[in-house]
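The structure under discussion appears below in the form of structure tokens.
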Amino acid sequence: MPFSEEDQSQFVKNSVFYKEFLAERAEILKHKWIESEKAGKDIGFEKALLDWIMKHRSNWREKRMREAKSGVK
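The sequence shown begins at 740 in the working numbering and counts up by one.
Structural data, given as structure tokens:
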């Protein structure tokens, strides 16, 4: 029996990948805000995304993995 659209939506919302996506997106938006404040203007999502990936993503992911292993939220 195929899953309903609501079931599929609920599955996605509960998935670990989706939760990681949301956490990463929140960090990028925070980075966008900080860098926009420094620049005195909106730097845009794409610039913030690329800057965050180049400067912060690997450390952020390592920290998330350590926290997941130790059970820290």
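Ideal placement from N, C-alpha and C gives every residue a C-beta, glycine not left out. None of the values given here were measured: they were computed from a predicted structure.
For the 7 Å CB-CB criterion, Ile767 and Trp791 form a contact. Linking Gly779 to Arg764 through their CA atoms gives a straight-line distance of about 22 Å. In this structure, DSSP gives His770 a helical state, which the three-state scheme calls helix. For Ser754, the secondary structure class from DSSP, reduced to helix, strand or coil, is coil. Short of 8 Å from the beta carbon of His795, and not among the five residues preceding or following it, lie these beta carbons of its own chain, in chain order: Glu766 and His770.
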